[in-house]
Amino acid sequence: MALLSGGTPWSKLVAPPIFHRSHAPRTFLFFKRRRFSISALSEQPPVRVRFAPSPTGNLHVGGARTALFNYLFARSKGGKFVLRIEDTDLERSTRESEEAVLKDLSWLGLDWDEGPGVGGDYGPYRQSERNSLYKQHAENLHQSGHVYRCFCSNEDLEKMKEDAKLKQLPPVYTGKWANARDEEVEEELAKGTPYTYRFRVPKGSLKINDLIRGEVSWNLDTLGDFVIMRSNGQPVYNFCVTVDDATMAISHVIRAEEHLPNTLRQALIYKALGFPMPYFAHVSLILAPDRSKLSKRHGATSVGQFQEMGYQPEAMVNYLALLGWGDGTENEFFTLDQLVEKFTIERVNKSGAIFDSTKLRWMNGQHLRARLSEELTKLIGEYWKTSGILTVSAGPFIDEAVQLLKDGIDLINDADKALVNLLSYPLHSTLQSDEAEPLLQDNLSGFAASLLAAYDNGDLVAALEEGHAGWQKWVKGFGKSLKRKGKSLFMPLRVLLTGKLHGPDMGASVVLLYKAGSSDVVAPEAGFVTLDQRFKMLREINWETLSKDQPVKETAAPV
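Residue numbers (our numbering): 56 to 614.
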């Protein structure tokens, strides 16, 4: 509901034929005591929402969340999700940026019902193709007296600002041409003086009920008559948006809170044109951890960047939905279909939401591991082959490697690091670390000699040939022969066989390393150290030197 009070009563206008009233919110108009109000009928109109990006760059996560909220609202209400391109900034708008935005929305799974590439009954869907429509409605406003020609030069306007500043008044247009005589206007037209169309702002105040923020009101006295058409014939943003939303029968305008000040001008234009007012809902900004507005200086901020970093679209959608919305439970894990089922505009929070990249990464890992096993294996296997670590993209080795390493993979790009780490053997740096000191003091050299003997006599290799069962049987017997068990058995085994103090399941790791060494599945460029090469390195270690105090101790190689 919007309310205009004070000033001259407005005339009731008939909407132009181009506006399809059957798709628009129906309204009653009341005139009483110089008060103007618009109230929605109990009969709700068909839900039609829009996402209207400017193709001047990449799709920001803030814009993606706005698109998502519009999508969820439309789908939850059985309505239409419209995509409109606001490309009136001719200098900065590019078709490349538009294509990138469309690609990002498609990647997120936010398919639109009307718009570029889809069409619809309310097109065209690019503002640059709708100029004739804007001029038609601007002329309608001129004929009805809601706008007038303003012949003020830039110098005139600057002088008005300076005078207002000296008088400590708001820098608003003084209305020099608001009440000009016809003869004065004709004289300027005859001289060819450039002019703009200015909207005649009434006196009083205006109030709207925002679906997220509640009642919002403005004092019209500080606004001043504003331009809707420039002297070059190009429409101003607020005029375009109002005409587009009205003629496309948009029922709900869901957008970022930075557009809230624009609502004042747009509401006045709606009323002047006689169009029904849509419902407004202004979503809070996405903030950085320092509570400033999220920007490039805080790292990745565009959808395309997160896609390149290996994030999954399901995780991005899930996380963006939680920035300012929740279903009232502790649940944070949602698919897109579940979000459609749960979403309500009433549960959107009006306070700013903090963008936490650590939580987004965790959530991506949850979605990644929630995939079907075959799907995850195929995804990671293809990534390993494409990156040049493996020579194949499918097979037993990949099946086992994915199962072994998946818990340490939050981003698909992490898969390379996880596999390369498994294949590497940083034994020397590990033994020279402070964390390895207790192992060295626990007769690690004697343990290594027994392990070498087991390898040389073929017992270890025979066990690995049998797979996990063979490994477990061998470890049990090897521990008994050394009278070791638990940590005193498995820690030195892990260090000597994998070269690391920590990592995934040791038995599965060693079996997998053996399989990799007995096949050509690993590419030569991967830096793989086979078991044969590992035992050769063990033979060459000078344990006496390692047992002495080292001048510098390093930290063990990270997993």
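For glycine and all other residues, C-beta sits at the position ideal for the given N, C-alpha and C.
### Task
Tell me residue 251's beta-bridge partners as DSSP assigns them.
Looking at the DSSP assignment, residue 251 forms a beta bridge with 205.
### Nearest candidate by alpha-carbon position, reference residue 245, set 222, 223 and 206
Taking each of 222, 223 and 206 in turn and checking the Cα distance to residue 245, the smallest one comes out for 206.
### Query
With 16 as the cutoff for other CB atoms within 10 Å, does residue 465 come out buried or exposed?
Buried: at least 16 other Cβ atoms inside 10 Å.
### Task
Could you tell me the distance, in whole angstroms, from the CA atom of residue 173 to the CA atom of residue 106?
Using only the alpha carbons, I get a separation of about 14 Å.
### Task
Classify residue 110 as buried or exposed, calling it buried when 16 or more other Cβ atoms lie within 10 Å of its own Cβ.
So residue 110 counts as buried.
### Query
Hey, how far is the Cα of residue 394 from the Cα of residue 114?
Their backbone Cα atoms lie some 21 Å apart in a straight line.
### Query
Straight-line CA distance for residue 143 to residue 197?
Between residue 143 and residue 197, the C-alpha separation is close to 22 Å.
### Task
Could you say which of 420, 448 and 417 lies nearest to residue 432 if we only look at CA atoms?
Nearest option by C-alpha distance: 448.
### Cβ-based neighbour list, residue 595, same chain, cut-off 8 Å, excluding 5 preceding and 5 following
Taking residue 595 as the centre and dropping the five residues before and after it, the same chain places no C-beta closer than 8 Å to its C-beta.
### Task
Taking residue 428 as part of the alpha helix (DSSP H), name the residues at either end of that continuous run.
Per DSSP, residue 428 is one residue of the alpha helix (DSSP H) stretching across 428-442.
### Query
Is residue 589 near residue 438, with beta carbons less than 8 Å apart?
No, the Cβ-Cβ distance between residue 589 and residue 438 is not below 8 Å.
### Task
Closer than 7 Å by C-beta to residue 146: which residues in its own chain qualify, once you throw out the five before and the five after it? Chain order, please.
Result list for residue 146: empty, nothing under 7 Å.
### Cut-off 7 Å between Cβ atoms - residues of its own chain near residue 578, not counting five sequence neighbours on either side
Excluding sequence neighbours, residue 578 sits near 443, 444, 445 and 446.
### Task
Could you check how far apart the C-beta atoms of residue 136 and residue 156 are, in whole angstroms? I think they sit under 8 Å.
Here residue 136 is actually not in contact with residue 156; their C-beta atoms are around 15 Å apart, not less than 8 Å.
### Task
Might you give, ordered along the chain, the residues of its own chain that have their beta carbon closer than 6 Å to the beta carbon of residue 131, omitting 5 neighbours on each side?
Annotation for residue 131: 395 and 398 place their beta carbon closer than 6 Å to its own, counting only its chain and skipping 5 residues before and after.
### Query
Can you give, in chain order, each stretch of the beta strand (DSSP E) that sits fully within the segment 213-294 and has at least 3 residues?
Entirely contained in the segment 213-294, the beta strand (DSSP E) runs reaching 3 residues are, in chain order, 251-254, 260-265, 269-274 and 281-284.
### Task
Give the DSSP-derived three-state secondary structure of residue 337 in the structure shown.
Residue 337 falls in the strand class under three-state DSSP.
#### Entry: Nearest-angstrom Cβ-Cβ length linking residue 341 and residue 120, presumed shorter than 8 Å
The Cβ separation is near 7 Å, so the contact holds.
### Query
Taking 7 Å as the line, does the beta carbon of residue 350 fall inside it for any heavy atom of the ligand NAD?
The ligand content of the structure shown is nil, which means the ligand NAD is not present either.
#### Entry: Sequence-distant residues of its chain with Cβ nearer than 8 Å to residue 175 (five each side left out)
For residue 175, where only same-chain residues beyond five positions count, the Cβ hits under 8 Å are 137, 168 and 169.
### Message
Measuring alpha carbon to alpha carbon, tell me which residue in 574, 513, 356 and 126 is nearest residue 310.
### Response
That would be 126, whose Cα lies nearest to the Cα of residue 310.
### Task
Would you check if the distance between the CB atom of residue 485 and the CB atom of residue 544 is smaller than 8 Å?
Going by C-beta atoms, residue 485 is not nearer than 8 Å to residue 544.
### Message
Excluding the 5 residues flanking residue 462 on each side, which residues of the same chain have their C-beta closer than 8 Å to its C-beta?
### Response
Closer than 8 Å at the Cβ level, and outside the excluded window around residue 462, lie 424 and 559.
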